[in-house]
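The numbering of the sequence shown is my numbering, which starts it at 11 and goes up by one.
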Amino acid sequence: MFVDIVFPQKNEKEFLSMAEKLGSKLCFVYPKEESYEKEFSGIITTQSQITKLKQKANLLVVRAGEENRKAFDAGPDIIFGLENSKRPDFIHQRNSGLNQVLCNLAKKHGTMIGISFADFLRAEKPAQYLGRVMQNIMLCQKYNVEMVVASFARTPYEMRPEHELKSFCLMLGMHQKTAKEAINNLHKKIMINQKKKRKEYYNEEIYVEEN
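As structure tokens, then:
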């Protein structure tokens, strides 16, 4: 199931209206713990707050900065925006914010790399941004790191339907199977996190359902 990530600012109704037109489900991500009637909600936080909020949120999201090692060590659910570094690219490779060490940490902690279509729409240098995303997709596929593709929209008009996001990933070099997984990974992660918060949860394989 495709679930899109959006960042509402008291405009949930507008997002829901657009989601209905696009045939999407939504995960509202807030900058702090805010109650919302939908089960699909999350928190966007800083590196220093990851451990504190890990057991409270259905989804813990971190926007990457210039230094992200601490964030990867703490193991949030999603890190996105790695490609937005202000640092220039290297001669023979992109300064894409991801490398083998960070990929290994992401895999160890179950952190998924987020691919944001809205960041592409806002990019000052679209070609550079796309090149960095392509490099990160290649690294994730090489080191078996899960990815999430979503709109990451701040406004309803930045949202895109599932098929456009999947085509975007395929265009940038993502394998067909991986692209399908990147579309569905968010829903899977939220379901696991909701189970983890219950006493009946032991691990991903052992879970006692409530009657």
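Idealized CB from N, CA, C, for every residue including glycine.
Quantities reported herein were computed from a predicted structural model and do not represent experimental measurements.
#1: Do you know offhand how far L92's Cα is from L26's?
#2: Per the DSSP calculation, V158 is bridged to which residue(s)?
#3: My assumption, with CB atoms under 8 Å, is that V159 sits in contact with I193. Please give the rounded CB distance.
#4: Pick from L112, I53 and V13: whose alpha carbon is nearest that of K152?
#5: Note down the Cα distance separating L182 from F162, rounded to an integer number of angstroms.
#6: Pick out whichever of L70, N109 and M28 has its Cα sitting closest to the Cα of V39.
#7: Can you tell me whether DSSP reads A67 as helix, strand or coil?
#8: Should G75 and R104 be called a contact, given that it needs their Cβ atoms to be closer than 8 Å?
#9: Which stretch, first to last residue, makes up the beta strand (DSSP E) that contains D83?
#10: Should K176 go down as buried or exposed, given a rule of 16 or more other Cβ atoms within 10 Å for buried?
#11: Specify, as a first and last residue, the run of the beta strand (DSSP E) that I15 falls within.
#12: Counting C-beta neighbours from all protein chains within 10 Å, is the total for D33 16 or more, i.e. buried, or is it exposed?
#13: Just mark R170 as buried or exposed, buried being the case when its beta carbon has 16 or more other beta carbons within 10 Å.
The relevant details are as follows:
#1: Residue 92 sits at position 82 when you count from the first residue of the sequence shown. Residue 26 sits at position 16 when you count from the first residue of the sequence shown. If you take the alpha carbons of L92 and L26, they lie about 28 Å apart.
#2: Along the sequence shown, read from residue 1 onward, the residue named residue 158 stands at position 148. Answer is G124.
#3: Here residue 159 is taken as the residue at index 149 of the sequence shown, counted from 1. Here residue 193 is taken as the residue at index 183 of the sequence shown, counted from 1. Indeed they touch by this definition, with Cβ atoms about 6 Å apart.
#4: Residue 152 sits at position 142 when you count from the first residue of the sequence shown. Of L112, I53 and V13, the residue nearest in Cα terms is L112.
#5: The residue you call residue 182 lines up with position 172 of the sequence shown. The residue you call residue 162 lines up with position 152 of the sequence shown. Spanning the two alpha carbons is a distance of roughly 18 Å.
#6: Locating residue 39 in the sequence shown gives position 29, where the first residue counts as 1. Of L70, N109 and M28, the residue nearest in Cα terms is L70.
#7: Numbered from its first residue, the sequence shown carries residue 67 at position 57. Here A67 sits in coil by DSSP.
#8: On the sequence shown, position 65 is the one that residue 75 refers to. On the sequence shown, position 94 is the one that residue 104 refers to. Not a contact, by the Cβ cut-off of 8 Å.
#9: Position 73 of the sequence shown, counted from the first residue, corresponds to residue 83. Where D83 is concerned, there is no enclosing beta strand (DSSP E), although the alpha helix (DSSP H) it sits in stretches over R79 to A84.
#10: Translated into the one-based positions of the sequence shown, residue 176 becomes position 166. K176 comes out buried.
#11: Stepping through the sequence shown from its first residue, residue 15 is reached at position 5. First-last of the beta strand (DSSP E) with I15: V13 to V16.
#12: Within the sequence shown, residue 33 is the residue found at index 23, counting from 1. Here the sequence assigns Gly to residue 33, which means Asp is not the residue at that position. Per the 10 Å Cβ criterion, exposed.
#13: On the sequence shown, position 160 is the one that residue 170 refers to. Answer is buried; the Cβ neighbour count reaches 16.
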